[in-house]
Each structure stands twice: as C-alpha cells, then as structure tokens.
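Here's the structure we're looking at; comments come further down.
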Amino acid sequence: MSARRKATTQISRLAHRAGGTAAANRMVPEETPVAFSFAGTTHAVMMASPADFEDFALGFSLTEGIIADRQEIEAIEVEDHGAGIDIQIRLKDQANTRFEARRRRLAGPVGCGLCGIESIEEAMRSVETVGSSKLTLAADDIVRSVKLLSRVQPLHAETGAVHAAGFYISGKGIVMAREDVGRHNALDKLAGALARAGIDGTLGAVVVTSRVSVEMVQKTAAIGAAFIIAVSAPTALAIRTAEDAGMTLVALVRGNDFDIFTHPERVVSGVAKHVA
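The opening position of the sequence shown corresponds to residue 0 in numbering that gives the first Met the number 0, with each subsequent residue numbered one higher.
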C-alpha cells in the first residue's frame, strides 16, 4: 500500500507583537516516525517529513552503505500504519547476505548503549575517497548555488522550519532538491532522488541549508560529490573527515562571503556560467 500524507498543517496561535497580541494562523511542518525495514526486520526509525518516501529509502540504503547501487534493491513498499510509516525494503540476494552479516556483527546485549567497539567503528566508518575528482567551481558558483537552492524550497517558504539539500551543476543550477525536518533526511532523500534520476554524483556539488556534521560528509561522499557547500558552520570532525576524503568543504555562505575549510584548490577564480 502506498502512503500519502500532508507535509504541512495549519495551526492557530497567539502572535505577540510590539502592537499587541492577536490570534492568527500559521503553517507548520508535519513530522512522523519512518521505519526502514529490511527482510521484515526494522533497522532504523527516523523522525521525518512525510514525503518522498521512495527517495528516502533508496538514499538511506545508499548513504549508509547497505547497498552499492540501486540495482541491489528488489522492491520498496511503503505502508502507512497510522502512527507512522513503515518502508519495507527487499534486497537482492548478495546485498541481503551482506546486510545480514553486518546486522549480526553489530548485535549486542540489551542496554549496551553503542553495543561495543563494532558500533563505534560503524559510526566512524571509512569515507569514500573523492580526491581524484577534477571538478572545480568558481567563487560565483558557490554563491549562486545557495541562492538557487533558496528558490526551490516550497516547504521552507510555507513554514520556515525545514532543511533542504540540493545538487548543483555549474551551468545548469540546482538540478535536484529535497526538503525535510531533518537535515540528514533531506540529504538521504536527495541521494535517492539523484540515483532514481540517473544523475552522476561526481558532476556537481551537494548544497545544504544546515551545519555540516561528519554524517553529512559521509553521505556526500557516498553520493560521489567532491564538494559540500553549506549555509552554516562545520564541526571539527567534519572538517577532518572531509580533508581525509579529499572533499572540498565550503561553509558559512552568506551573500558573497564564504569560508573554504578543506581542499581550496578546487575553488578557482572566474565567473560561473549563467543560470537563470
């Protein structure tokens, strides 16, 4: 069964302003539990915007290293159980065998927190190297990518309360974008959308409206992008991880200003190709 839910809801509230207080309506984003189940067993539950479920399932499977490419998924079924969404993901034989081995390796006793060194290593898993990428972007590309992303955020325009992740290709602009209440979710949904559309992740830059944590770098590397461009600041671990992965991390993009934290050689002088 497929699932369709509203991404936003209108609520009433008291708006306190300098001129007084009055009742008013406002649109707010919905969020719901979304479970990813492999071989009938729940692997993870995320609080997410109830939209783009197939993109989410495919992107999560890719960026978490459960599959190497979309062809390793046999089927995705989205089920609405009222209290939340259950996404049943059926893997093909080889991918399913790898996943079962991984799940056994990470299993631990009840109440074990991170369940031992295996889980710590999983959180700090090796990142795909993108250092061989020859992609360069002009400073104007970086500024333009953030401006263009702001134009394709309908949920944010309506609510002011969601994150976005987009994919920018010089000369083409933002070719794909997804939104979600969670920044990781938005990036997973973007990864899935790119894979479903057959867009090569090495051709452009991931652009996000959030801060950059290590997971955002890991997921960007899984997409194959050598650039991550962010409106907010990165963490120290994200910077170290991007450096080791050969990724160019650009953050704090504000107007024409931005900071380059790793591999600045990919940011070249010159003007980007015009995108309307």
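Note that beta-carbon positions come from the ideal geometry of N, C-alpha and C, so glycine has one too.
Fair warning: this is a prediction, and the values are worked out from it, not measured in the lab.
Query - Cβ neighbour criterion (16 or more within 10 Å) applied to M45 - result: In the sequence shown, residue 45 corresponds to position 46, counting from 1. Burial call: buried.
Requested in this report: Between the Cα of R143 and those of S132, L154 and F166, spot the shortest distance and give me the residue it belongs to.
Outcome: The residue given as residue 143 occupies position 144 in the sequence shown. For the residues S132, L154 and F166, the minimum Cα distance to R143 belongs to F166.
Query raised in the report: Which residues in the same chain have their Cβ closer than 7 Å to the Cβ of F98, if we skip the five residues on either side of it in sequence?
Result: The residue given as residue 98 occupies position 99 in the sequence shown. Closer than 7 Å at Cβ, skipping near neighbours: F37, I65 and L90.
Query raised in the report: Is it the case that the Cβ atoms of V252 and I168 are separated by a distance below 8 Å?
Result: Numbered from its first residue, the sequence shown carries residue 252 at position 253. Numbered from its first residue, the sequence shown carries residue 168 at position 169. Cβ distance not < 8 Å, so V252 and I168 don't count as in contact.
Report task. Please go through the same chain and pick out, in chain order, the residues whose beta-carbon is closer than 6 Å to the beta-carbon of R182, but skip the five residues on each side of it. Result -> The count along the sequence shown starts at 1 and reaches residue 182 at position 183. For R182, where only same-chain residues beyond five positions count, the Cβ hits under 6 Å are H162 and S209.
Query - Sequence ranges, alpha helix (DSSP H) only - wholly within the stretch 223-259, length at least 4 - result: Within the stretch 223-259, the complete alpha helix (DSSP H) segments at least 4 residues long are 235-244, listed from N- to C-terminus.
Requested in this report: Given a cut-off of 8 Å, decide if V27 and A160 are closer than it, judged by their beta-carbon atoms.
Outcome: As a working mapping, residue 160 is identified with position 161 in the sequence shown. As a working mapping, residue 27 is identified with position 28 in the sequence shown. At the C-beta level, A160 and V27 come within 8 Å of one another.
Query raised in the report: At least one CB of chain D closer than 8 Å to the CB of S131: is that the case?
Result: Among the protein chains of the structure shown there is no chain D, as only one such chain exists.
Requested in this report: Count the other C-beta atoms from every protein chain shown that fall within 10 angstroms of the C-beta of L147, then say buried if there are 16 or more, exposed otherwise.
Outcome: Stepping through the sequence shown from its first residue, residue 147 is reached at position 148. When all chains shown are included, L147 counts as buried.
Query raised in the report: How many angstroms separate the CA atom of D139 from the CA atom of T261?
Result: As a working note, residue 139 is residue 140 in the sequence shown. As a working note, residue 261 is residue 262 in the sequence shown. If you take the alpha carbons of D139 and T261, they lie about 18 Å apart.
Query raised in the report: Below 8 Å between beta carbons: does that hold for F52 and I84?
Result: In the sequence shown, counting from the first residue as 1, residue 52 sits at position 53. In the sequence shown, counting from the first residue as 1, residue 84 sits at position 85. Contact: yes.
**Report entry** V180 to E264 span [Cα, whole Å]
**Finding:** The residue labelled residue 180 in the question sits at position 181 within the sequence shown. The residue labelled residue 264 in the question sits at position 265 within the sequence shown. Each residue's Cα considered, the two are about 33 Å apart.
**Report entry** CB contact flag (V145, I228, <8 Å)
**Finding:** On the sequence shown, position 146 is the one that residue 145 refers to. On the sequence shown, position 229 is the one that residue 228 refers to. Their beta carbons are under 8 Å apart, which means V145 touches I228 by this criterion.
Report task. Please name the residue in T128, E178 and K133 whose C-alpha comes closest to that of T240. Result -> For the purposes of this step, residue 240 is identified with residue 241 of the sequence shown, where counting begins at 1. Considering only alpha carbons, the answer is T128.
Query raised in the report: So, is R3 buried or exposed, given that buried needs 16 or more other C-beta atoms within 10 angstroms?
Result: On the sequence shown, residue 3 is found 4 positions in, with the first residue counted as 1. Per the 10 Å Cβ criterion, exposed.
Requested in this report: Please list, in chain order, all residues of the same chain as A56 whose beta carbon is under 6 Å from its beta carbon, the five residues on each side excluded.
Outcome: Numbered from 1 along the sequence shown, position 57 holds the residue referred to as residue 56. Excluding sequence neighbours, A56 sits near I75, I86 and I88.
Requested in this report: Would you list the one or two residues that DSSP bridges to F52?
Outcome: By 1-based counting over the sequence shown, the position of residue 52 is 53. Its beta-bridge partners do not exist; DSSP assigns none.
Query raised in the report: How many Å lie between C114 and A43 at the Cα?
Result: Here residue 114 refers to the residue found at position 115 of the sequence shown. Here residue 43 refers to the residue found at position 44 of the sequence shown. With a pLDDT of only 41 at C114, under 50, the local geometry of the prediction cannot be trusted, and the value read off the model is given with reservation. Rounded to whole angstroms, C114 to A43 spans 15 Å at the Cα level.
**Report entry** DSSP beta-bridge partners of S60
**Finding:** As a position in the sequence shown, residue 60 is number 61, starting the count at 1. Looking at the DSSP assignment, S60 forms no beta bridge with any residue, so it has no partner.
Query raised in the report: Do you know offhand how far A23's Cα is from K133's?
Result: Taking the first residue of the sequence shown as 1, we reach residue 23 at position 24. Taking the first residue of the sequence shown as 1, we reach residue 133 at position 134. Take the alpha-carbon of A23 and the one of K133: they are about 52 Å apart.
Query - Close Cβ partners of A194 (< 8 Å) along its chain, the five nearest in sequence each way excluded - result: On the sequence shown, residue 194 is found 195 positions in, with the first residue counted as 1. Only L57, G58, L61, D68 and R69 meet the Cβ criterion.
Query - Whether A204 touches L136 by CB criterion (8 Å) - result: Within the sequence shown, residue 204 is the residue found at index 205, counting from 1. Within the sequence shown, residue 136 is the residue found at index 137, counting from 1. In this structure, L136 lies closer than 8 Å to A204 by Cβ.
Query - Beta-carbon proximity check, V126 vs V249, cutoff 8 Å - result: Residue numbering aside, residue 126 sits at position 127 when the sequence shown is read from its first letter. Residue numbering aside, residue 249 sits at position 250 when the sequence shown is read from its first letter. In terms of Cβ geometry, V126 and V249 do not form a close pair [threshold 8 Å].
Query raised in the report: Do you know offhand how far E63's Cα is from E178's?
Result: Translated into positions along the sequence shown, residue 63 becomes position 64. Translated into positions along the sequence shown, residue 178 becomes position 179. If I take the Cα positions, the gap works out to 19 Å.
Query raised in the report: Taking the C-alpha atoms as reference points, what is the distance between R25 and A156?
Result: By 1-based counting over the sequence shown, the position of residue 25 is 26. By 1-based counting over the sequence shown, the position of residue 156 is 157. Between the alpha carbons of R25 and A156 lies a gap of roughly 12 Å.
Report task. Throw me the rounded Cβ distance for the G191 and A224 pair, which I believe falls under 8 Å. Result -> As a first step, residue 191 is located in the sequence shown; it is residue number 192 there, counting from the start. As a first step, residue 224 is located in the sequence shown; it is residue number 225 there, counting from the start. Here G191 is actually not in contact with A224; their C-beta atoms are around 14 Å apart, not less than 8 Å.
**Report entry** Closest by C-alpha distance to L236, when choosing among G197, A176, S212 and P32
**Finding:** In the sequence shown, the residue the question calls residue 236 occupies position 237. Ranking G197, A176, S212 and P32 by CA distance to the CA of L236 puts S212 first.
Query - Start-end ranges of the alpha helix (DSSP H) lying completely within the stretch 126-198, minimum 4 residues - result: Runs of the alpha helix (DSSP H) inside the stretch 126-198: 138-149, 153-158 and 182-196.
Query raised in the report: Between which two residues does the beta strand (DSSP E) harbouring I296 extend?
Result: This structure gives no information on residue 296, because the portion of the chain shown stretches from 0 to 275.
Query raised in the report: Which residues bound the beta strand (DSSP E) around E78?
Result: Against the sequence shown, residue 78 aligns to sequence position 79. Taken as a continuous stretch (DSSP letters only), the beta strand (DSSP E) holding E78 covers I72 to D79.
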